[in-house]
Structures are given as structure tokens and as C-alpha cells.
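Chemist: Quick note on our numbering: the sequence shown kicks off at 19 and runs consecutively. Yeah, the Cβ is synthetic: ideal placement off N, Cα and C, and Gly gets one too. Submitted below is the structure of interest, expressed as C-alpha cells.
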Amino acid sequence: MKNLWVILLAILLFSCGEKLLDKPEDLIPKDKMINILRDITILNSARSISVTVFHDQKIDPTTFVLSKYEVDSLQFVISDRYYASLPNEYEAMYVEVEKQLEQKEEHVSEAKKIKDSLDLERKLKQSKKMKDKLKKSMDSLP
């Protein structure tokens with residue numbers, strides 16, 4: 019009985035260390051893969067908001083991003099499958115994608131605040147000019 023437990027424990031330990039997939043020769047580097055996943059996420063989000071624009075222009079977000087990074091679809095699928103076979107590494111990649119998306123969102127939010135404040139300032143100046151013109155025209159009346 020003791021030998022059975024030792025054998026079962028050995029099998030369990032060796033099975034945990036088993037590699038599911040061999041590293042492909044043309045594996046997309048992790049940093050490039052993160053950028054690809056980030057860009058695909060952004061374009062898919064944009065497509066869900068403006069379906070007709072993507073349809074009318076015949077743009078497929080995945081194909082567009084893969085061509086941007088000079089990666090073919092087979093290489094992407096093989097690399098994605100490989101990284102997915104390493105759950106901790108794959109999760110870390112998606113955490114990085116999320117982090118980068120949050121940084122971009124903060125950047126866009128800051129840019130929007132600046133634009134809004136500039137627009138408000140421009141409107142206030144226009145309003146002041148209109149008031150001055152109106153006052154001037156009222157002063158010139160007999």
C-alpha cells in the first residue's frame with residue numbers, strides 16, 4: 019500500500035511538470051504579442067460601437083492588426099495557443115494588456131479635459147466679444 023502511494027505521488031509530480039506544447043519556431047515575442055492583443059481589443063471595441071463603419075470599409079480588426087505587426091494569422095494562432103498553454107504567463111500578458119488600456123484611457127481622458135477647457139475658454143472669449151459688440155452698438159444709438 020505504501021508503494022502505491024509513492025507511485026501515485028511520483029506520477030502526480032511528473033504530470034504537473036509536463037509541457038503541453040513545444041515552443042514554436044516562429045513564436046511571436048511576448049511584448050509584441052501583448053501589443054497585438056491590445057490593438058485587437060481596441061479595434062474590436064470600436065467595431066462594437068460603429069459596426070457600419072467597419073462593415074462599409076470592409077475592415078476586419080484582427081487582419082488589420084496582424085498586417086500592422088507583419089504577422090500572419092497562422093503564426094498568431096500558433097503563438098496564442100502556445101501562450102494559452104502556459105496559464106500564468108498568459109494571464110500576466112492579459113494583465114499587461116489591461117494595464118496598457120487603462121493608461122491609454124487616462125491619456126485620452128486628460129486630453130479630453132484639456133480640449134474641453136480650451137473649448138470653454140474659446141466660447142467665453144466669443145461671448146465677451148459679442149457682449150462688447152452689443153454694448154458698442156448700443157452706445158452708438160442716438
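How about R56 and Q118: are their beta carbons less than 8 Å apart?
Modeler: Position 38 of the sequence shown, counted from the start, is the residue given in the question as residue 56. Position 100 of the sequence shown, counted from the start, is the residue given in the question as residue 118. Going by C-beta atoms, R56 is nearer than 8 Å to Q118.
Chemist: For K149, which of helix, strand or coil comes out of DSSP?
Modeler: By 1-based counting over the sequence shown, the position of residue 149 is 131. If DSSP states are grouped into helix, strand and coil, K149 belongs with the helices.
Chemist: D90 to L84, Cα distance in whole Å?
Modeler: To locate residue 90, count along the sequence shown from 1; it is residue 72. To locate residue 84, count along the sequence shown from 1; it is residue 66. Each residue's alpha carbon lies about 6 Å from the other.
Chemist: Between I132 and K122, what straight-line distance do the alpha-carbon atoms span, to the nearest angstrom?
Modeler: Start at 1 with the first residue of the sequence shown, and residue 132 comes out as number 114. Start at 1 with the first residue of the sequence shown, and residue 122 comes out as number 104. The alpha-carbon atoms of I132 and K122 are separated by roughly 15 Å.
Chemist: Using the Cα positions of E116 and L92, report the straight-line distance between them to the nearest angstrom.
Modeler: Here the question's residue 116 lines up with position 98 in the sequence shown. Here the question's residue 92 lines up with position 74 in the sequence shown. Approximately 25 Å between the Cα atoms of the pair.
Chemist: Distance, Cα to Cα, L136 vs T80?
Modeler: Stepping through the sequence shown from its first residue, residue 136 is reached at position 118. Stepping through the sequence shown from its first residue, residue 80 is reached at position 62. Distance between the alpha carbons of L136 and T80: 36 Å.
Chemist: Is S63 helix, strand or coil by DSSP?
Modeler: Reading the sequence shown from its first residue, position 45 is the one you call residue 63. S63 falls in the helix class under three-state DSSP.
Chemist: Please list the terminal residues of the continuous alpha helix (DSSP H) segment that includes L84.
Modeler: On the sequence shown, position 66 is the one that residue 84 refers to. Where L84 is concerned, the enclosing alpha helix (DSSP H) stretches over P79 to K86.
Chemist: Let me confirm a value: M156 is counted as buried when at least 16 other C-beta atoms fall within 10 Å, else exposed. Which label applies?
Modeler: Position 138 of the sequence shown, counted from the start, is the residue given in the question as residue 156. The residue is exposed, with fewer than 16 neighbouring Cβ atoms inside 10 Å.
Chemist: Following the continuous alpha helix (DSSP H) through I46, name the residue where it begins and the one where it ends.
Modeler: Translated into positions along the sequence shown, residue 46 becomes position 28. Where I46 is concerned, there is no enclosing alpha helix (DSSP H), given that its DSSP letter is neither H nor E.
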